[in-house]
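Participant: I have a structure here, written as structure tokens, and I will follow up with some questions on it.
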Amino acid sequence: MNIEVLEKNDNRLVFVVSGISIEMVNAIRRIIMTEIPVMAVDEVIILKNDSPLYDEIVAHRLGLIPLKTNLDNYNLPRDCECGGYGCALCQVSLTCEITNTTNKPMVINSGDLNSNDPDIVPVHNEIPILKIDKNSKVIIEAYAILGTGKDHAKFSAVSNCAYRFYPVIEFDESKITKQDEQSLIVKLCPEKLFEISNKKLKLKEDYWRTCTLCKSCEQNSDGKIKVSWKDNTYIFTIESDGVLPFDVLIKKTFEIFLSKIAEFSEKLEEIEIS
Ligand SMILES: [Zn+2]
29 MNIEVLEKND NRLVFVVSGI SIEMVNAIRR IIMTEIPVMA VDEVIILKND
79 SPLYDEIVAH RLGLIPLKTN LDNYNLPRDC ECGGYGCALC QVSLTCEITN
129 TTNKPMVINS GDLNSNDPDI VPVHNEIPIL KIDKNSKVII EAYAILGTGK
179 DHAKFSAVSN CAYRFYPVIE FDESKITKQD EQSLIVKLCP EKLFEISNKK
229 LKLKEDYWRT CTLCKSCEQN SDGKIKVSWK DNTYIFTIES DGVLPFDVLI
279 KKTFEIFLSK IAEFSEKLEE IEIS
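At position 212 of the sequence shown (counting the first as 1) the number is 240 in the working numbering, and the numbers step up by one without a gap.
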């Protein structure tokens with residue numbers, strides 16, 4: 029297996045992976061999307077809410093706030109020794125008590141939540157939760173736990189995770205010489221990957237980065253352009269809202285993958301095959 033990273037920042041990771049079957053790439057994608065545990069608010073006690081929003085809407089908004097996750101210090105409630113009741117090893121409290129003493133309406137943001145663990149805090153401090161008028165008050169207690177994307181979408185470790193085939197476009201430029209033929213192909217490519225230079229049809233060098241394999245060039249070239257893809261090579265993209273760094277995410281993915289394979293072989297040994 030070979031991996032080449034094309035783009036990496038805090039929110040986006042793009043790499044080309046080759047020498048791997050589509051089943052394996054898809055298994056990795058599914059684990060990333062649904063099996064990696066991350067923190068999210070799961071229980072809310074609203075003691076005072078003077079905002080115009082219903083308590084249920086406030087609770088929903090709190091659940092959707094991405095929280096930085098530390099996987100080393102917390103257990104999934106179902107695996108915790110407290111039996112999921114809620115203890116310091118499986119739960120974090122985020123509280124907020126604010127009275128608007130100013131003369132104008134006030135917006136309560138995610139940054140106004142006080143966490144009892146400085147590692148588990150909102151990824152962004154400017155996510156608006158609600159708005160209160162002057163002399164109004166809000167008192168909220170929220171409890172965050174670890175969960176997986178399989179339990180609820182708010183526990184998704186990534187915002188997006190997808191792969192696509194590595195495109196290959198081949199043609200002989202000496203066979204596509206008519207000007208109207210060339211300009212039709214340039215015009216029909218939705219990603220604008222073709223250009224005419226010195227009366228010849230040229231393909232951009234890094235066309236494979238954005239080509240969606242729509243085949244509109246092939247279908248309008250009278251068989252002169254051939255669109256295909258490389259075998260066992262995929263362009264993998266992961267987008268994150270910042271709950272987990274990519275290195276932790278990838279490491280955890282393979283930990284889960286290997287534990288699933290181990291579990292499968294154990295189960296297989298239990299079965300008597302006659
Ligand atoms: Zn516990």
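Glycine residues also receive a C-beta, built at the ideal position from the N, C-alpha and C atoms.
Our contact map puts Thr281 next to Ile48 with C-beta atoms below 8 Å; I'd like the distance itself, whole angstroms only.
Facilitator: Not really, about 14 Å apart at Cβ, beyond 8 Å.
Participant: Would Leu272 and Asn248 qualify as a contact pair, given that the criterion is a beta-carbon distance under 8 Å?
Facilitator: The answer is no: Cβ separation not under 8 Å.
Participant: Less than 8 Å between the C-beta atoms of Thr62 and Gly177, yes or no?
Facilitator: Contact flag set, yes.
Participant: With distance defined between alpha-carbon atoms, name the residue in Phe292, Met29, Ile59 and Ile50 nearest to Val186.
Facilitator: Out of Phe292, Met29, Ile59 and Ile50, Ile59 has the C-alpha closest to the C-alpha of Val186.
Participant: First and last residue of the beta strand (DSSP E) that includes Lys165?
Facilitator: Residues Lys165 to Gly175.
Participant: Could you tell me whether any non-hydrogen atom of ligand 1 is closer than 7 Å to the CB of Pro105?
Facilitator: Yes, Cβ of Pro105 sits closer than 7 Å to a heavy atom of ligand 1.
Participant: Would the beta-carbon of Cys245 be found less than 7 Å away from any heavy atom of ligand 1?
Facilitator: Answer for Cys245: no, Cβ out of range of ligand 1.
Participant: Whole angstroms are fine: how far does the CA of Asn39 sit from the CA of Val293?
Facilitator: According to the sequence displayed, residue 293 carries Ser and not Val. The alpha-carbon atoms of Ser293 and Asn39 are separated by roughly 36 Å.
Participant: Measuring only the C-alpha atoms, how far is Lys215 from Asn37?
Facilitator: Each residue's alpha carbon lies about 33 Å from the other.
Participant: On a CA-only basis, which of Met52, Trp257, Ile168 and Glu209 is nearest Ile73? Give me that one, please.
Facilitator: Out of Met52, Trp257, Ile168 and Glu209, Ile168 has the C-alpha closest to the C-alpha of Ile73.
Participant: Below 8 Å between beta carbons: does that hold for Tyr262 and Val45?
Facilitator: Their beta carbons are under 8 Å apart, which means Tyr262 touches Val45 by this criterion.
Participant: Using the Cα positions of Leu92 and Ile155, report the straight-line distance between them to the nearest angstrom.
Facilitator: Each residue's Cα considered, the two are about 10 Å apart.
Participant: Which residues have a Cβ closer than 5 Å to any heavy atom of ligand 1, listed in chain order?
Facilitator: Cβ-based neighbours of ligand 1 within the cut-off: Cys108, Cys110, Cys115, Leu117 and Cys118.
Participant: Which value, in whole angstroms, describes the spacing of the CA atoms of Thr130 and Cys124?
Facilitator: Going from the Cα of Thr130 to the Cα of Cys124 covers about 17 Å.
Participant: How long is the line joining the alpha carbons of Val66 and Asn137, rounded to whole angstroms?
Facilitator: Rounded to whole angstroms, Val66 to Asn137 spans 21 Å at the Cα level.
Participant: Tell me which residues share the same chain as Ile157 and place their Cβ nearer than 6 Å to its Cβ, disregarding the 5 neighbours each side in the sequence.
Facilitator: Excluding residues within five positions, the ones whose Cβ falls inside 6 Å are Arg89 and Ile136.
Participant: Which stretch, first to last residue, makes up the beta strand (DSSP E) that contains Val69?
Facilitator: Here the beta strand (DSSP E) through Val69 covers Val66 to Asn77.
Participant: Hey, how far is the Cα of Val86 from the Cα of Cys217?
Facilitator: Cα to Cα, the separation comes out at about 46 Å.
Participant: Could you compute how far the alpha carbon of Leu277 sits from the alpha carbon of Lys96?
Facilitator: Spanning the two alpha carbons is a distance of roughly 12 Å.
Participant: Grab me the residues of Cys110's own chain with a C-beta within less than 6 Å of its C-beta, minus the 5 sequence neighbours each way, in chain order.
Facilitator: Nothing meets the Cβ criterion.
Participant: What span of residues does the alpha helix (DSSP H) with Ser188 cover, start to end?
Facilitator: According to the sequence as given, residue 188 is Asn; it is not Ser. From DSSP, Asn188 is part of no alpha helix (DSSP H) but of the beta strand (DSSP E) over Asn188 to Phe199.
Participant: Who does Thr265 pair with in a DSSP beta bridge?
Facilitator: Answer by DSSP bridge pairing, in chain order: Val42 and Ala190.
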